[in-house]
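Here is the structure we will look at.
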Amino acid sequence: MSQHVLFISAHLDDAILSCGDYIDALIHNHYRVTIATVFTGMGTDLSMLARILHKKFGLGLDTMDVRRQEDIRAAMALGASVLHLNLLECIYRKNKDGSPVYSKLHELFDTEWGSEHQVMEEIVSVLSSQIQFENYAGVYVPLGIGRHIDHCLVRKSAERYWCQAGNGTGWPAQLMYYEDLPYLCFNNDLTWKAELAAGLSERPVKLRRSNLKAKLNASLKYSSQISLLWTTRFSMLRQMAQHARGAARQAKRQGSESCDYFFRVYAADAQASIPLGESGP
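Residue numbers (the working numbering): 933 to 1213.
What follows is the structure, encoded as structure tokens:
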């Protein structure tokens, strides 16, 4: 089996904030890791919402150039490679009349993914032209916790592409899902497990404190995003450490002495082989 795995990320930070510790463990176990980020293009004629968020980033007109460089540095810190697919994220998208698709922040989390069929088609097209899923030992996509429209679109588009690539044969064993951080930690999406992980098999991966340390170090490379998602760098590090401590308590309850904490992967096939994961039931 290929020792190459793919993480699909909606934005420039999602995969490492969510899975940086798992990525570090994979690389230290001789896997190659590629992080493909879908929305890395830069919009023009920015909406008020986009300008407000840019101000929070503390960046100028070259916002996406800076963020792409942050992503490269973060991936390099772990030893992963990156692929930027250059579609426009939600704050840059426009309606046919030129008006912004999203003008309020809450709309990014309240909009049904089905309203953006054209964007889904664009994602499927760019995935099919630049990525061959069958070449990877595992393909990881976001569950969509928090219901951010871009995360949901990436998940649904990846599922559609994979079903098309498999000629309609159903769920592929190696299509897997990761929990969206920091949205999971915000505790605003209380029904995610019942609605987003229904029918999926939760599979633990054993990790060490050294993997968490590597993730924290890589996450700090996204300096433009820290002030948007957290009040301080310390609050970011504290939240990630608290999340790992919760996973450590789970590992202790299950009597695992060979790891410091669990990372959770969700698989469509309960018998799927998860890189570094526990055996299926």
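For every residue, glycine included, the Cβ atom is placed at its ideal position computed from N, Cα and C. Computed from a prediction, not measured in an experiment: that's the story for all the values here.
8 angstroms contact criterion, which residue i and residue j should meet: CB distance rounded
i: Thr1043; j: Ile1081; result: 5 angstroms
i: Val1086; j: Ile940; result: 6 angstroms
i: Val970; j: Ile1055; result: 6 angstroms
i: Leu912; j: Tyr1193; result: Not covered by the structure: residue 912. The range shown for the chain is 933 to 1213.
i: Leu1208; j: Met1172; result: Not really, about 20 angstroms apart at Cβ, beyond 8 angstroms.
i: Leu1059; j: Ser1089; result: 7 angstroms
i: Leu1112; j: Pro1074; result: Residue identity differs from the one stated: residue 1112 is Asp in this sequence, not Leu. With a Cβ gap of about 5 angstroms, Asp1112 and Pro1074 count as contacting.
i: Ile948; j: Ser1151; result: 6 angstroms
i: Ala1200; j: Leu1116; result: Actually they do not touch by this definition, with Cβ atoms about 20 angstroms apart.
i: Ala1006; j: Lys1153; result: 4 angstroms
i: Cys951; j: Tyr1109; result: Not quite, the Cβ-Cβ distance comes to about 11 angstroms (not below 8 angstroms), so this is no contact.
i: His962; j: Gln1001; result: At roughly 28 angstroms, the Cβ-Cβ gap does not stay under 8 angstroms, so His962 and Gln1001 are not in contact.
i: Glu1134; j: Arg1196; result: 6 angstroms
i: Leu1020; j: Gly973; result: 5 angstroms
i: Arg999; j: Ser1156; result: 6 angstroms
Per DSSP, cross-strand counterpart(s) of residue i
i: Leu969; result: Reading off the sequence, residue 969 comes out as Thr, not Leu. DSSP lists Ser941 and His1016 as partners of Thr969.
i: Ser1133; result: Ala1199
i: Met1108; result: Tyr1072 and Ala1199
i: His1175; result: Looking at the DSSP assignment, His1175 forms no beta bridge with any residue, so it has no partner.
i: Lys1026; result: Pro1032
i: His1038; result: Bridge partners of His1038: none, in fact.
i: Arg964; result: His936
i: Gly1209; result: Val1137
Terminal residues of the beta strand (DSSP E) in which residue i lies
i: Gly1070; result: Gly1070 to Pro1074
i: Phe1194; result: Tyr1193 to Ala1199
Span of the alpha helix (DSSP H) around residue i
i: Met980; result: Met980 to Phe989
i: Met996; result: Thr995 to Leu1010
i: Leu1059; result: His1049 to Gln1062
i: Ile959; result: Asp946 to His960
i: Tyr1093; result: Ile1081 to Ala1097
Would you check if the stretch 981-991 and the stretch 937-952 touch, i.e. whether three or more CB-CB distances between them fall below 8 angstroms?
no
Pairs of beta-carbons, one from the stretch 1118-1135 and one from the stretch 970-980, closer than 8 angstroms: are there three or more?
no
Unbroken beta strand (DSSP E) runs of length 3 or more, entirely within the stretch 1117-1168: which are they?
1133-1139
Is there contact between the stretch 1057-1075 and the stretch 1028-1036, where contact requires at least three CB pairs shorter than 8 angstroms?
no
Should the stretch 1004-1013 be called in touch with the stretch 950-964, which here means at least 3 C-beta pairs below 8 angstroms?
yes
Counting beta carbon pairs with one atom in the stretch 1137-1155 and one in the stretch 1163-1176, are three or more of them shorter than 8 angstroms?
yes
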